[in-house]
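These notes are about the structure you will find just below.
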Ligand code: SDX
């Protein structure tokens, strides 16, 4: 950060000079902590205009529809890189050399198995438990298996925890699916790449090893890349807040998974497919859009809108392209894709959406691809959590490796002023 400019705030004749800091890209920030000394708090519910931290990991320009990971455009990473490379990039700040990538990939592969005791956690859940409920529980419990490496001040402990989480998320996610369909858990294979291994654990059985379609494996890898990180979104901010209390990394990632579950955030991909199912056919799109625009109706166009993007989400464009590739490769004609495209076409011409700068986001098309791959709707947000894991960890590591304070916001109190207790027989 750099800065020599200041903002001047004058309140009741008092002048407060607030330093202005500049980053390498994006808006300058006003450092407001000095207002406290004058007896004020700043007020920004939902953190709409608040920069919560300094970061070097991801940059978003919402007006231009730009998303950079360590400076590299998401469009280039999604079409030219691999998820393993993007994990390394997010964690280390630079793209790996061939030998660095091989060493990283091998290290991850060698940590894909989970402790044999972990399988018994699943038995406590009903078979029809939502997989995100299982993920919250199992990931939070992972710390119970690694008491030897939970010193967050130790860089080696932080690094092995990062590898363990990236390596085990696919295994645990696939176990959620297998448990829900009553099939035995499938062990990971070290000879498969990350995405192929995940599809193997999802769809192989002890009776038949699934033959992973390379088109689907490539699409899965690209979906992981498109979800890998996204600046200070709600779940990443949750991970940072949990990390600021010195909680262990498994607890912090479990907190991020819980926050991601909400339909306004990572749960939107599942909500989009439910929405498309509810609409049913193209001739009912106009009526649905009418409901969305009706203020007395709480219906939202899921997969549309974004706190930051006021232009196309660059991820949505790549996701749509991937959708076309996968459906064509599989020879699938999915009427829900046509329905989604009709919905997008109508919304992008309607002033309600245009005036509010509501465009398709990362969740609008992802579910259609996941469905084509054979992944059930209930697993869609689990896939999002799996893809987002390196981003959550990179932000956690960036915070812990630099000076930080426990996150403890204040409030505007509008409740009762002080009053004395009245005994129940006097009320
Ligand atoms: C993700 O933050 C991230 O980076 C998140 C994410 C990531 O990678 O981590 O990108 C992933 O969460 C993507 C978003 C997925 N969620 C959805 O698709 C759910 C539908 N979208 C909305 O719930 C909403 O757009 C949000 C939550 C995404 C953003 O909400 P904001 O920024 O608080 O915007 P807002 O609610 O203030 O909306 C402004 C206006 C309002 O109307 P008015 O009060 O001005 O009349 O736009 C309307 C909203 O009602 N609006 C919508 C809408 N989204 C906003 N109206 C209908 N359908 C929608 N989808």
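In this note's numbering, the protein residues as written are 6 to 432. All C-beta atoms, glycine included, are put in the ideal place defined by N, C-alpha and C. It should be emphasised that the depicted structure is a prediction, and the values quoted were computed from it without experimental measurement.
Inter-residue distance for residue 382 and residue 340 is about 16 Å (C-alpha atoms, whole angstroms). Judged by DSSP in its simplified three-state form, residue 11 adopts strand. The C-alpha of residue 65 lies about 52 Å from the C-alpha of residue 426. Distance from the C-beta of residue 55 to the nearest heavy atom of ligand 1 is not below 8 Å. Residue 69 counts as exposed, since fewer than 16 other beta carbons sit within 10 angstroms of its beta carbon. The alpha-carbon of residue 390 is positioned some 6 Å away from that of residue 262. Judged by DSSP secondary structure, residue 22 falls within the beta strand (DSSP E) whose first and last residues are 19-26. Runs of the alpha helix (DSSP H) lying entirely within the stretch 300-340 and spanning at least 4 residues, in chain order: 319-335.
The residues 255, in chain order, have a CB closer than 6 Å to that of residue 147 in the same chain once the five nearest residues on each side in sequence are set aside. By alpha-carbon distance to residue 91, the top candidate from 204, 247 and 232 is 232.
When the five nearest sequence neighbours on each side are left out, the beta carbons in the same chain lying within less than 8 Å of the beta carbon of residue 78 are those of 71, 72 and 319, in order along the chain.
In the structure shown, residue 77 falls within a strand segment according to DSSP collapsed to helix, strand and coil.
Burial state of residue 350 is exposed, judged by a 10 Å Cβ sphere holding fewer than 16 other Cβ atoms. A straight-line Cα-Cα distance of about 12 Å links residue 218 and residue 197. Using a Cβ distance threshold of 9 Å, residue 141 and residue 384 do not count as a contacting pair. Selection 111, 76 and 80 evaluated against residue 94 yields 76 as nearest (Cα-Cα). Residue 104 counts as exposed, since fewer than 16 other C-beta atoms from the protein chains shown sit within 10 angstroms of its C-beta.
Counting along the chain, residue 284 sits inside no beta strand (DSSP E); it lies in the alpha helix (DSSP H) bounded by residues 273-284.
For residue 30, the closest C-alpha among the options 367, 139 and 67 is that of 67.
The stretch 232-243 and the stretch 392-409 touch, with no fewer than 3 CB-CB distances between them shorter than 8 Å.
Per the C-alpha coordinates, the member of 119, 114 and 330 positioned closest to residue 377 is 330. Here residue 189 carries a coil assignment [DSSP, helix/strand/coil].
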